[in-house]
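Novice:
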Amino acid sequence: KQEVTQIPAALSVPEGENLVLNCSFTDSAIYNLQWFRQDPGKGLTSLLLIQSSQREQTSGRLNASLDKSSGRSTLYIAASQPGDSATYLCAVKSNQAGTALIFGKGTTLSVSS
Amino acid sequence: DAGVTQSPTHLIKTRGQQVTLRCSPKSGHDTVSWYQQALGQGPQFIFQYYEEEERQRGNFPDRFSGHQFPNYSSELNVNALLLGDSALYLCASSFGGEQFFGPGTRLTVL
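Protein chains in written order, with the working numbering: chain A, 1 to 113; chain B, 1 to 110.
#1: May I ask you to list the residues that DSSP assigns as paired with residue 53/B?
#2: In this structure, how does DSSP classify residue 97/A when only helix, strand and coil are distinguished?
#3: For residue 66/B, name the three-state secondary structure that DSSP assigns.
#4: How far does the beta strand (DSSP E) with residue 76/A in it extend, from its first residue to its last?
#5: How about residue 107/B and residue 19/B: are their beta carbons less than 8 Å apart?
#6: Starting from residue 86/A, follow its DSSP beta bridges and name the residues at the other end.
#7: Taking the C-alpha atoms as reference points, what is the distance between residue 113/A and residue 15/B?
#8: For a cutoff of 8 Å on Cβ pairs, would you count residue 101/B as touching chain A?
#9: When DSSP labels each residue in this structure, what does residue 30/B get in the three-state scheme?
#10: For the beta strand (DSSP E) containing residue 67/A, name the first residue and the last one.
#11: Can you confirm whether residue 25/A, when its beta carbon is compared against all beta carbons of chain B, has any partner nearer than 8 Å?
#12: Going by beta carbon distance, what residues of the same chain come within less than 8 Å of residue 97/A, once the five residues before and after it are set aside?
#13: From the DSSP output, read off the bridge partner residues of residue 37/A.
#14: So the beta strand (DSSP E) residue 88/B belongs to, where does it begin and stop?
#15: Below 8 Å on C-beta distance, what does residue 90/B contact in chain A?
#16: I'd like to check one pair, residue 20/A with residue 76/A: are the Cβ atoms closer than 8 Å?
#17: Pick from 49/B, 94/B, 88/B, 97/B: whose alpha carbon is nearest that of residue 12/B?
#18: Closest Cβ-Cβ distance between residue 18/B and chain A: below 8 Å?
#19: How close, in whole Å, do the beta carbons of residue 38/A and residue 49/A come, if the pair is a contact with beta carbons under 8 Å?
#20: Determine which residues of the stretch 42-71 of chain B have a Cβ less than 8 Å from any Cβ of chain A, and write them out in chain order.
#21: Please return the same chain residues whose Cβ sits closer than 8 Å to the Cβ of residue 82/A, not counting the five positions on each side in sequence.
#22: Residue 82/B by DSSP, collapsed to three states: which one?
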């Protein structure tokens with residue numbers, strides 16, 4: 001059974017700092033991995049999608065990497081801003097289970113000005 | 001493109017009642033998935049609909065049922081509500097790959 005873990009559960013940093021959020025999964029047979037952002041009480045916004053054949057994806061100040069063999073992904077946020085404060089969720093799509101996304105519990109980020 | 005839309009935004013019910021939540025997928029998307037997110041947790045997969053059929057189901061009881069219409073919109077029905085059903089219910093649509101989520105419906109069961 002696929003399990004997704006995100007560390008740390010919460011993170012507080014000053015504005016301008018570069019930071020890394022971690023995601024690990026137990027079954028390396030994944031189809032893809034997505035990183036989402038969630039503001040309090042709101043829906044999910046897709047940030048980056050990495051296919052199983054890819055090593056990384058970049059969008060603006062965000063960079064996500066994928067190491068299937070070790071079951072790990074990282075989300076790198078450069079030059080953090082107060083507007084980056086939110087919960088970041090990692091989700092994997094297992095090519096065995098089909099089409100459901102399996103989520104971690106998220107990392108709640110707070111960026112202070 | 002309006003993206004994925006859900007209604008209602010908030011809902012308050014009492015134990016034992018029944019509820020129906022609605023979702024309209026992103027234009028061009030034919031697949032709708034439903035997720036339940038309890039406070040402080042990641043979303044949990046309920047089920048997915050494709051071509052008006054339930055294609056995959058997560059570990060949820062039969063009290064949770066759904067439907068997909070010919071225009072790809074979908075409903076989630078929950079019978080005999082329990083306090084533990086209080087959560088944010090998220091709908092996601094896709095066309096073969098990346099899933100796009102709606103804003104969710106916040107259900108409170110008293």
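Note that CB positions come from ideal geometry on N, CA and C, so glycine has one too.
Specialist: According to the structure shown:
#1: According to DSSP, residue 53/B bridges with 50/B.
#2: Residue confidence for residue 97/A is low, a pLDDT of 48 falling below 50, so the modelled location carries little weight; the figure read from the coordinates is stated next. DSSP places residue 97/A in coil when its eight states are reduced to three.
#3: Residue 66/B: strand per DSSP, three-state reduction.
#4: Start and end: 72-77.
#5: Taking 8 Å as the Cβ cut-off, residue 107/B and residue 19/B qualify as a contacting pair.
#6: Answer is 109/A.
#7: Each residue's alpha carbon lies about 44 Å from the other.
#8: Taking CB atoms only, residue 101/B has a neighbour in chain A less than 8 Å away.
#9: If DSSP states are grouped into helix, strand and coil, residue 30/B belongs with coil.
#10: Unbroken beta strand (DSSP E) run through residue 67/A: 62-67.
#11: Residue-level contact by beta carbon fails for residue 25/A and chain B, as no gap is shorter than 8 Å.
#12: Its pLDDT being 48, under 50, residue 97/A is placed unreliably in this model, and the coordinates cannot settle the point.
#13: Looking at the DSSP output, residue 37/A shares a beta bridge with 45/A, 88/A.
#14: Where residue 88/B is concerned, the enclosing beta strand (DSSP E) stretches over 87-94.
#15: Chain A residues near residue 90/B: 43, 44.
#16: The answer is yes: Cβ separation under 8 Å.
#17: Nearest neighbour of residue 12/B by Cα position, chosen from 49/B, 94/B, 88/B, 97/B, turns out to be 88/B.
#18: For residue 18/B, the answer is no, since every Cβ of chain A falls outside 8 Å of its Cβ.
#19: Their Cβ separation, rounded to whole angstroms, is 16 Å, which puts residue 38/A and residue 49/A out of contact at 8 Å.
#20: Contacts with chain A (Cβ-Cβ distance below 8 Å) from the stretch 42-71 of chain B involve 42, 43, 44, 45, 48, 55, 56, 58, listed in chain order.
#21: For residue 82/A, where only same-chain residues beyond five positions count, the Cβ hits under 8 Å are 15, 111, 112, 113.
#22: Of the three classes helix, strand and coil, the one that applies to residue 82/B here is coil, per DSSP.
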